[in-house]
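J.: Counting in my numbering, the sequence shown runs from 80 upward without gaps.
Submitted below is the structure of interest, expressed as structure tokens.
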Amino acid sequence: MAIDIPPQGDELIAAQGRAIARRQGSAANIDPQTMRNWIRSGRWQQLQRGVYAPFSGEPTRETVLWGALLRAGPGAVLSHQTAAERHGLVDEPSPLVTITVPASRHPAQAKIQGIVIHRSDAILRTRHPAMLPPCTRVEDTVLDLIQIAPSFDDGYAWICRAIGRRRTTAERIRKAMDARKRLRWRREITLALGDAEDGALSVLEHRYIRRVERPHGLPPARRQARIRHHTGNRYLDNLYEDYRLCIELDGSAAHPADEQWRDKRRDTDNAVRGILTVRFGILDVGDLRCQTAAAVASVLRSRGWPGTPRPCSRPKCAVTS
Numbered sequence: 080m081a082i083d084i085p086p087q088g089d090e091l092i093a094a095q096g097r098a099i100a101r102r103q104g105s106a107a108n109i110d111p112q113t114m115r116n117w118i119r120s121g122r123w124q125q126l127q128r129g130v131y132a133p134f135s136g137e138p139t140r141e142t143v144l145w146g147a148l149l150r151a152g153p154g155a156v157l158s159h160q161t162a163a164e165r166h167g168l169v170d171e172p173s174p175l176v177t178i179t180v181p182a183s184r185h186p187a188q189a190k191i192q193g194i195v196i197h198r199s200d201a202i203l204r205t206r207h208p209a210m211l212p213p214c215t216r217v218e219d220t221v222l223d224l225i226q227i228a229p230s231f232d233d234g235y236a237w238i239c240r241a242i243g244r245r246r247t248t249a250e251r252i253r254k255a256m257d258a259r260k261r262l263r264w265r266r267e268i269t270l271a272l273g274d275a276e277d278g279a280l281s282v283l284e285h286r287y288i289r290r291v292e293r294p295h296g297l298p299p300a301r302r303q304a305r306i307r308h309h310t311g312n313r314y315l316d317n318l319y320e321d322y323r324l325c326i327e328l329d330g331s332a333a334h335p336a337d338e339q340w341r342d343k344r345r346d347t348d349n350a351v352r353g354i355l356t357v358r359f360g361i362l363d364v365g366d367l368r369c370q371t372a373a374a375v376a377s378v379l380r381s382r383g384w385p386g387t388p389r390p391c392s393r394p395k396c397a398v399t400s
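Printed below as a string of structure tokens:
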């Protein structure tokens with residue numbers, strides 16, 4: 080049996096991803112008691128306490144998110160991991176919906192099931208001006224995620240995703256940083272944004288620059304260097320063009336077989352062009368960073384680099400002048 084929803088209600092429900100709060104009954108020209116009757120009859124379903132969907136089937140992700148926002152109340156916006164989902168920074172939605180509300184508001188005395196709530200006095204500044212459901216800007220989403228990251232590397236990974244997926248730029252993230260009085264790792268992030276701008280779009284690439292290349296006086300490589308192959312463009316992590324040396328950084332020692340063959344084909348294509356490819360992993364830019372620097376310096380010098388590497392500040396650095 081069809082439910083005759085007034086036009087005002089139809090418009091409001093459509094604008095909110097097919098969700099409506101009981102408190103919106105007057106604006107929708109629907110009596111709250113009528114809503115409760117439709118819930119009891121099974122024609123509507125409850126998404127959250129006092130928030131309904133006007134159908135009986137499985138709610139879409141859009142409806143679920145709107146339901147969470149309506150439960151959190153006026154001024155609420157999607158933020159953190161859920162905002163990252165909306166901006167395409169993650170590929171799978173989190174089971175929890177993360178929301179930020181104005182600092183002056185306390186949506187519930189107890190935890191709301193399925194929802195994580197943050198409070199902020201900067202909602203008007205950080206809210207995206209057009210996105211629906213309401214959501215934080217991508218730059219502020221990145222900075223929010225850095226604030227709760229367990230380590231700087233985890234925080235930098237969000238910068239890499241946002242810039243690497245072309246959702247924002249280093250300059251826009253800097254401007255969002257400038258608007259914040261407090262921010263974890265501000266100095267480190269400022270430096271890291273420069274590396275990301277130059278093409279260091281992974282944590283391993285950032286570590287290679289900061290732990291291997293610069294502290295040991297190696298020449299700067301070109302990051303994400305585009306090389307034209309017969310199958311199309313390919314991008315090399317670190318290319319020392321003058322010395323025909325490519326440094327590739329692998330996040331895992333155990334790649335699937337198809338990825339291993341892809342890397343081997345890429346290395347072969349590089350070799351045809353006279354480019355030597357050397358691959359390093361997590362340990363090589365971590366505890367073994369000095370040994371890695373010594374190895375890269377040795378290869379560079381064998382290929383014509385006139386410079387001299389220098390030992391870093393670590394005790395017993397493997398690099399000698």
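Beta carbons: idealized from backbone N, C-alpha and C, even for Gly.
Since we're looking at a predicted model, the values are computed, not measured.
Beta-carbon separation of Thr-177 and Ser-199 under 9 Å?
T.: Contact flag unset, no.
J.: Using 8 Å for Cβ pairs, my map puts Arg-206 next to Val-156. What's the rounded Cβ distance?
T.: Confirmed, about 5 Å.
J.: Looking at the secondary structure, which residues open and close the alpha helix (DSSP H) in which Glu-292 lies?
T.: No alpha helix (DSSP H) holds Glu-292; DSSP gives it neither H nor E.
J.: Would Thr-220 and Ala-271 qualify as a contact pair, given that the criterion is a beta-carbon distance under 9 Å?
T.: No. Outside cutoff.
J.: Excluding the five sequence neighbours on either side, which residues of its own chain have a C-beta within less than 6 Å of the C-beta of Asp-89, listed in chain order?
T.: None.
J.: I'd like to check one pair, Ser-281 with Cys-239: are the Cβ atoms closer than 9 Å?
T.: Contact flag set, yes.
J.: Considering only the beta carbon of each residue, do Arg-259 and Val-217 sit closer than 9 Å?
T.: No.
J.: Alpha carbon to alpha carbon, how far is Leu-222 from Arg-101?
T.: Spanning the two alpha carbons is a distance of roughly 34 Å.
J.: Between which two residues does the alpha helix (DSSP H) holding Tyr-287 run?
T.: Looking at the DSSP string, Tyr-287 is not in any alpha helix (DSSP H), and its letter there is neither H nor E.
J.: For Ile-227, does the count of other Cβ atoms within 10 angstroms reach 16, so buried, or fall short, so exposed?
T.: Counting Cβ neighbours within 10 Å, Ile-227 comes out exposed, since fewer than 16 surround it.
J.: Is the beta carbon of Leu-379 closer than 9 Å to that of Leu-324?
T.: In this structure, Leu-379 lies closer than 9 Å to Leu-324 by Cβ.
J.: Straight-line CA distance for Arg-165 to Cys-214?
T.: Cα to Cα, Arg-165 sits roughly 8 Å from Cys-214.
J.: Does the contact criterion of 3 or more C-beta pairs under 8 Å hold for the stretch 281 to 293 versus the stretch 250 to 257?
T.: As far as the Cβ criterion goes, the stretch 281 to 293 does not touch the stretch 250 to 257, which means the pair count is below three.
J.: Can you tell which of Trp-123, Leu-367 and Gly-96 has the C-alpha that lies nearest to the C-alpha of Val-143?
T.: Nearest of Trp-123, Leu-367 and Gly-96 to Val-143, Cα basis: Gly-96.
J.: Considering Cα atoms alone, identify which of Asp-170, Arg-293 and Ile-196 is closest to Pro-181.
T.: Selected option, being the one with the closest Cα: Ile-196.
J.: Of all the options Tyr-235, Gly-296 and Leu-297, which has the alpha carbon lying nearest to the alpha carbon of Gly-273?
T.: When only C-alpha atoms are compared, the closest one is Tyr-235.
J.: Which of helix, strand or coil does DSSP assign to Ser-158?
T.: Reduced to three states, the DSSP call for Ser-158 is coil.
J.: Just to confirm, are Pro-133 and Trp-145 a CB contact at a threshold of 9 Å?
T.: For Pro-133 and Trp-145, no; Cβs fall outside 9 Å.
J.: Check Thr-113 in the structure and name its three-state DSSP category.
T.: Correct three-state label for Thr-113: helix.
J.: Once the 5 residues before and after Gln-160 are set aside, which same chain residues still bring their CB inside 6 Å of it?
T.: Same-chain partners within the cutoff: Ser-173 and Thr-177.
J.: What number of angstroms, rounded off, separates the C-alpha of Ala-374 from the C-alpha of Pro-394?
T.: For Ala-374 and Pro-394, the distance between alpha carbons rounds to 18 Å.
J.: Do you know offhand how far Arg-382's Cα is from Tyr-322's?
T.: When rounded, the distance between both Cα atoms is 5 Å.
J.: Assuming Phe-390 and Thr-399 are in contact, meaning their beta carbons sit under 8 Å apart, how far apart are those beta carbons, in whole angstroms?
T.: Inspection of the sequence shows that residue 390 is occupied by Pro rather than by Phe. Confirmed, about 7 Å.
J.: Output the distance between the C-alpha atoms of Asp-329 and Gly-360, rounded to the nearest integer angstrom.
T.: C-alpha separation (whole angstroms): 5 Å.
J.: Is the Cβ-Cβ distance between Pro-138 and Leu-149 less than 9 Å?
T.: Against a cut-off of 9 Å, the Cβ pair of Leu-149 and Pro-138 comes out as no contact.
J.: By Cβ distance below 6 Å, which residues in the same chain neighbour Pro-335 in space, the five residues on each side in sequence not counted?
T.: A caution first: Pro-335 carries a pLDDT of 48, below 50, which makes its placement in the model unreliable, though a value can still be read off. Once the five neighbours on either side are set aside, Pro-335 has no close Cβ partner at all.
J.: Would DSSP call Pro-248 helix, strand or coil?
T.: Note on residue identity: the sequence assigns Thr, not Pro, to residue 248. In the structure shown, Thr-248 sits in coil (DSSP, three-state: anything other than H, G, I, E or B).
J.: May I ask you to list the residues that DSSP assigns as paired with Ala-304?
T.: Answer is Leu-315.
J.: In this structure, does DSSP put Ala-151 in helix, strand or coil?
T.: In the structure shown, Ala-151 sits in a helix (DSSP, three-state: H, G or I).
J.: In its own chain, which residues sit with a C-beta less than 6 Å from the C-beta of Gln-87, not counting the 5 before and 5 after it?
T.: These residues qualify, in order along the chain: Ala-107 and Asn-108.
J.: Taking the alpha-carbon positions, what's the Ser-183 to Ile-242 distance?
T.: Near 33 Å, if we compare the C-alpha coordinates of Ile-242 and Ser-183.
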